[in-house]
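Reading through the structure tokens given below for one structure.
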Amino acid sequence: MGTVWAAEHLTLGVQVAIKVVDLRGDDDADVAAARFLREARVSARVKHRYVIEILDFGRLDDGAPYMVMERLDGESLGDRIRRQGTLPLEEALGLMAQVLTGLRAVHEQGVVHRDLTPENVFLVRDSEGAYPKLLDFGISRVLERSERGPVTTVAGRLIGTPEYMAPEQARGSGDLDHRVDLYAVGVLLYEALTGALPFEAEGFGELLGHVMFEEPIPIERRRPDLPPAVCAVVRKALTKRREERYQSAREMREALLAAAEALGMSPAQAAREPARTRSAPPPSACVEGTAVGAPSFPPPVPRAAAGAPA
-10 MGTVWAAEHL TLGVQVAIKV VDLRGDDDAD VAAARFLREA RVSARVKHRY
40 VIEILDFGRL DDGAPYMVME RLDGESLGDR IRRQGTLPLE EALGLMAQVL
90 TGLRAVHEQG VVHRDLTPEN VFLVRDSEGA YPKLLDFGIS RVLERSERGP
140 VTTVAGRLIG TPEYMAPEQA RGSGDLDHRV DLYAVGVLLY EALTGALPFE
190 AEGFGELLGH VMFEEPIPIE RRRPDLPPAV CAVVRKALTK RREERYQSAR
240 EMREALLAAA EALGMSPAQA AREPARTRSA PPPSACVEGT AVGAPSFPPP
290 VPRAAAGAPA
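Numbering (my numbering), first residue to last: -10 to 299.
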């Protein structure tokens, strides 16, 4: 659906990544493009250490929507799991606490990611190790409220990656909210600690059936050595009924850190919330006049190999 290009702003000398979404063949291309740009506008207002920074967005001459993002150095959580098999307990809890901190900022802007996967959690390298960045808000949903209540997506259309979908998402429900992201964090934590997914299935249909109607394979069955308090956090996150899950990213983060601290671990230091940052001004104010704009970039050249988002 999209291609990411490595680029440089010629005036500022800033390394960036440009995502161009290919809507050719989409019967509702104009509607999809407009929705993508509307959601990008809201996502761009989230300025947070653990969320990819969106610098600009718009449409190319051929109508394709694009998004300009900060360029990152590191690897995805998926790459880390494939390389290591599993993550140490303290590291996994710390990373998920940071992911939840970023999600809290996203949800406060009325955005639901809807596709949190190991590939969409990027581990940025820095002098102290690595910290996560939430990526790819291309299918995120903006929750807008009116007198009639929340705007919903079209029922019956599946959006997301099946292995990380909440049951209501797998059913194609049009009434999705931020709790689908919290379910996905539960799957991420399960996978980071076991190297496996909560459900085993041979095909797409069987997998969706398991997600909707079956209980996940207990994490303690895969890792009998895991502390009960950690297993309890995963179990609650993966509950079928969203009313019985954690109701906010903050609540789930606090449960994770409480479980860790009860075990004498200190992921709270690594996962400490940074100072809350104010929302960025509306993108229209940033785009008019300068900063990063499509005309400032040379024709994009694809990266030689897939991997980091530029």
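Glycine included, every Cβ here is placed at the ideal spot set by N, Cα and C.
Subject >> Alpha carbon of H37 to alpha carbon of G91, nearest angstrom >> reply: Position 48 of the sequence shown, counted from the first residue, corresponds to residue 37. Position 102 of the sequence shown, counted from the first residue, corresponds to residue 91. Cα to Cα, H37 sits roughly 7 Å from G91.
**OP:** Taking all protein chains shown into account, decide if S336 is buried (16 or more other Cβ within 10 angstroms of its Cβ) or exposed.
**Re:** Residue 336 lies beyond the range of the chain shown here (-10 to 299); nothing can be said about it.
Subject >> Same chain, Cβ closer than 8 Å to R48, five either side skipped, listed in chain order >> reply: Sequence index remark: in the sequence shown, residue 48 carries index 59 (1-based). The answer, listed in chain order, is A22, L26, P54 and Y55.
Original post:
Are there 16 or more other CB atoms within 10 angstroms of the CB of I7, so buried, or fewer, so exposed?
Top reply: The sequence position of residue 7 within the sequence shown is 18, counting from 1. Label assigned to I7: buried.
Original post:
Looking at the unbroken beta strand (DSSP E) that takes in E(-3), where does it start and where does it end?
Top reply: The residue given as residue -3 occupies position 8 in the sequence shown. In the DSSP annotation of this structure, the continuous segment of the beta strand (DSSP E) that includes E(-3) starts and ends at G(-9) to H(-2).
Original post:
With 16 other CB atoms within 10 Å as the buried threshold, where does W(-6) fall?
Top reply: The count along the sequence shown starts at 1 and reaches residue -6 at position 5. Buried is the call here.
Original post:
How many Å lie between D45 and P217 at the Cα?
Top reply: Here residue 45 corresponds to residue number 56 of the sequence shown, with the count starting at 1. Here residue 217 corresponds to residue number 228 of the sequence shown, with the count starting at 1. If you take the alpha carbons of D45 and P217, they lie about 45 Å apart.
Original post:
In three-state DSSP terms, what is G327?
Top reply: No answer is possible for residue 327: it lies beyond the span of the chain, which begins at -10 and ends at 299.
Subject >> Assumed close pair L123, V88 - CB separation to whole angstroms, cut-off 8 Å >> reply: Residue 123 sits at position 134 when you count from the first residue of the sequence shown. Residue 88 sits at position 99 when you count from the first residue of the sequence shown. Yes, they are in contact, since the Cβ atoms of L123 and V88 sit about 7 Å apart, within 8 Å.
Original post:
Whose C-beta lies closer than 8 Å to the C-beta of L186 among residues of the same chain, with five residues either side of it excluded?
Top reply: As a first step, residue 186 must be located in the sequence shown, where it is residue number 197. Cβ within range, chain order: E152, V176, Y179 and E180.
Original post:
Span of the alpha helix (DSSP H) holding D170?
Top reply: Against the sequence shown, residue 170 aligns to sequence position 181. Note, D170: alpha helix (DSSP H), R168 to T183.
**OP:** Indicate the three-state DSSP secondary structure (helix, strand or coil) for R114 in the structure shown.
**Re:** Taking the first residue of the sequence shown as position 1, residue 114 is located at position 125. Here R114 sits in strand by DSSP.
**OP:** Under 8 Å by Cβ, that's how I've got A249 and L76 pegged, so tell me the actual separation to the nearest angstrom.
**Re:** Taking the sequence shown and counting its residues from 1, one reaches residue 249 at position 260. Taking the sequence shown and counting its residues from 1, one reaches residue 76 at position 87. Taking the Cβ atoms as the reference, A249 lies roughly 13 Å from L76, outside the contact range of under 8 Å.
Subject >> Three-way DSSP call (helix, strand, coil) for Y39 in this model >> reply: Position 50 of the sequence shown holds residue 39. Coil at Y39, not helix or strand.
Original post:
What are the start and end residues of each continuous alpha helix (DSSP H) run of 4 or more residues lying completely inside the segment 55 to 116, in chain order?
Top reply: Inside the segment 55 to 116, DSSP marks whole alpha helix (DSSP H) runs of 4 or more residues at positions 66 to 73 and 78 to 97, from first to last along the chain.
**OP:** With A6 as the anchor, note down where its beta strand (DSSP E) starts and where it stops.
**Re:** Residue 6 sits at position 17 when you count from the first residue of the sequence shown. Under the DSSP assignment, A6 falls in the beta strand (DSSP E) whose first and last residues are V3 to V10.
**OP:** Classify K229 as helix, strand or coil using the three-state DSSP reduction.
**Re:** As a position in the sequence shown, residue 229 is number 240, starting the count at 1. Residue state, collapsed to three classes: coil.
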